[in-house]
Amino acid sequence: DGGITQSPKYLFRKEGQNVTLSCEQNLNHDAMYWYRQDPGQGLRLIYYSQIVNDFQKGDIAEGYSVSREKKESFPLTVTSAQKNPTAFYLCASSNGLAGNNEQFFGPGTRLTVL
Amino acid sequence: GQNIDQPTEMTATEGAIVQINCTYQTSGFNGLFWYQQHAGEAPTFLSYNVLDGLEEKGRFSSFLSRSKGYSYLLLKELQMKDSASYLCAVSSGGYNKLIFGAGTRLAVHP
């Protein structure tokens, strides 16, 4: 079955620690995205990648970093510089960057920083 | 600025029809998406509109008026499993950037 996987589903970290969230897709999609979802707010774009070894900042990139070494993988690191990291993180992919390309979402990782 | 507005919550009765509205103001427009999201799960695609008019897909229909910056999602023959959040998102910019509304939480009761 084709799809997007994110792991882990729940993650707890102490304040000041960096943490990396995994995102893998086997849909052969070129574009991948990371969003953050907070209660009462819409999804907000953190980073996106159009192609391997290329990625761009979204609207709220501060305190986050990404890499895109393989087409299938787009891990997100939440650094200690992120002031309010507790949130639900969603990874998505699409078959290109044209505006009519549906984005497919992974199941999400709920990060709680204690 | 860029803004998408939709009601925060709605309730409806099983078997009824409900319309969820979405208004938007964005600097670019490449189309409008509706997604369904059950609590704690991934959003799933429902519909895409780029031209004015109504798109029908089974029990779900979506309407777009670009001149008014307005869309709605119509759900017919409501079922309990339709209880979820419905996200309106506009594709804007050159890289399929999606701008999301905060979502409308729909509760369907017997």
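Those protein sequence lines, which keep their order, are chains S and V.
Heads up: the first sequence begins at 1 in our numbering, then just goes up one per residue.
Heads up: the second sequence begins at 115 in our numbering, then just goes up one per residue.
Beta carbons: idealized from backbone N, C-alpha and C, even for Gly.
* Asked: Does the beta carbon of S:N28 come closer than 8 angstroms to any beta carbon on chain V?
  -> On the first sequence, position 28 is the one that residue 28 of chain S refers to. Answer no: the Cβ-Cβ gap between S:N28 and chain V never drops below 8 angstroms.
* To do: Measure the alpha-carbon distance for V:T127 versus V:L188 and round it to whole angstroms.
  => Your numbering for residue 127 of chain V matches position 13 in the second sequence. Your numbering for residue 188 of chain V matches position 74 in the second sequence. The alpha-carbon atoms of V:T127 and V:L188 are separated by roughly 14 angstroms.
* Cβ of S:P85 within 8 angstroms of any chain C Cβ -> This model lacks chain C altogether; the protein chains it does include are S and V.
* Assign S:K57 to one of three DSSP states: helix, strand, or coil. => Residue numbering aside, residue 57 of chain S sits at position 57 when the first sequence is read from its first letter. Note: S:K57 maps to strand in three-state DSSP.
* To do: Alpha carbon to alpha carbon, how far is S:K83 from V:L168? Give it in angstroms, no decimals.
  => As a first step, residue 168 of chain V is located in the second sequence; it is residue number 54 there, counting from the start. As a first step, residue 83 of chain S is located in the first sequence; it is residue number 83 there, counting from the start. Going by the C-alpha atoms only, they are around 43 angstroms apart.
* To do: Mark S:Q56 as exposed unless 16 or more other C-beta atoms lie within 10 angstroms of its C-beta, in which case mark it buried.
  => As a first step, residue 56 of chain S is located in the first sequence; it is residue number 56 there, counting from the start. With fewer than 16 other Cβ atoms within 10 Å, it is exposed.
* To do: With DSSP as the reference, label V:K211 as helix, strand or coil.
  => For this step, residue 211 of chain V is matched to residue 97 along the second sequence. Correct three-state label for V:K211: strand.
* Hey, how far is the Cα of S:V66 from the Cα of S:N53? -> One-based indexing of the first sequence puts residue 66 of chain S at position 66. One-based indexing of the first sequence puts residue 53 of chain S at position 53. Taking the straight line from one Cα to the other gives about 10 angstroms.
* In angstroms with no decimal places, state the Cα-to-Cα distance between V:V204 and S:L45. => The residue you call residue 204 of chain V lines up with position 90 of the second sequence. The residue you call residue 45 of chain S lines up with position 45 of the first sequence. Going by the C-alpha atoms only, they are around 13 angstroms apart.
* Quick one: Cα of V:T122 to Cα of S:R110, how far? -> Taking the first residue of the second sequence as position 1, residue 122 of chain V is located at position 8. Taking the first residue of the first sequence as position 1, residue 110 of chain S is located at position 110. Roughly 22 angstroms separates the two Cα atoms.
* Partners in chain V for S:F105, counting only beta-carbon separations shorter than 7 angstroms -> Within the first sequence, numbered from 1, the residue matching residue 105 of chain S stands at position 105. Under the 7 angstroms cutoff, chain V gives A156 and P157.
* With distances taken between CB atoms, is the gap from V:L146 to V:C202 smaller than 8 angstroms? -> The residue you call residue 146 of chain V lines up with position 32 of the second sequence. The residue you call residue 202 of chain V lines up with position 88 of the second sequence. Against a cut-off of 8 angstroms, the Cβ pair of V:C202 and V:L146 comes out as a contact.
* Length of the line joining the Cα atoms of V:E155 and V:A130 -> Here residue 155 of chain V is taken as the residue at index 41 of the second sequence, counted from 1. Here residue 130 of chain V is taken as the residue at index 16 of the second sequence, counted from 1. When rounded, the distance between both Cα atoms is 25 angstroms.
* Asked: What whole-angstrom Cβ distance do S:T79 and S:G63 have, given they're in contact under 8 angstroms?
  -> Stepping through the first sequence from its first residue, residue 79 of chain S is reached at position 79. Stepping through the first sequence from its first residue, residue 63 of chain S is reached at position 63. Yes, they are in contact, since the Cβ atoms of S:T79 and S:G63 sit about 6 angstroms apart, within 8 angstroms.
* Asked: Under 8 angstroms between the Cβ atoms of V:F159 and S:E102?
  -> If you number the second sequence from 1, residue 159 of chain V lands on position 45. If you number the first sequence from 1, residue 102 of chain S lands on position 102. Yes; because the gap between Cβ atoms is below 8 angstroms, this pair is in contact.
* Name the residue from S:M32, S:K14, S:Q17 and S:N18 whose alpha carbon lies nearest to the alpha carbon of S:Q6. => By 1-based counting over the first sequence, the position of residue 6 of chain S is 6. Selected option, being the one with the closest Cα: S:M32.
* Can a CB atom of chain S be found closer than 8 angstroms to the CB of V:I134? -> Taking the second sequence and counting its residues from 1, one reaches residue 134 of chain V at position 20. Cβ-Cβ to chain S under 8 angstroms: no for V:I134.
* To do: Could you tell me whether the Cβ of S:Y64 comes closer than 8 angstroms to any Cβ of chain V?
  => The residue labelled residue 64 of chain S in the question sits at position 64 within the first sequence. Judged by the 8 angstroms Cβ criterion, S:Y64 is not in contact with chain V.
* To do: Please go through the same chain and pick out, in chain order, the residues whose beta-carbon is closer than 6 angstroms to the beta-carbon of V:G217, but skip the five residues on each side of it.
  => Residue numbering aside, residue 217 of chain V sits at position 103 when the second sequence is read from its first letter. So the qualifying residues of the chain are S199 and L201.
* Might you give, ordered along the chain, the residues of its own chain that have their beta carbon closer than 7 angstroms to the beta carbon of S:F12, omitting 5 neighbours on each side? => Along the first sequence, one-based indexing puts residue 12 of chain S at 12. Cβ neighbours of S:F12 beyond the five flanking positions: T112 and L114.
* If you measure from the beta carbon of S:E72 to each beta carbon in chain V, is any gap under 8 angstroms? -> Indexing the first sequence from 1 puts residue 72 of chain S at position 72. Taking Cβ atoms only, chain V never reaches closer than 8 angstroms to S:E72, which makes this a no.
* **For V:K195, the three-state DSSP class (helix, strand or coil)** => Working through the second sequence from its first residue, we reach residue 195 of chain V at position 81. V:K195 falls in the helix class under three-state DSSP.
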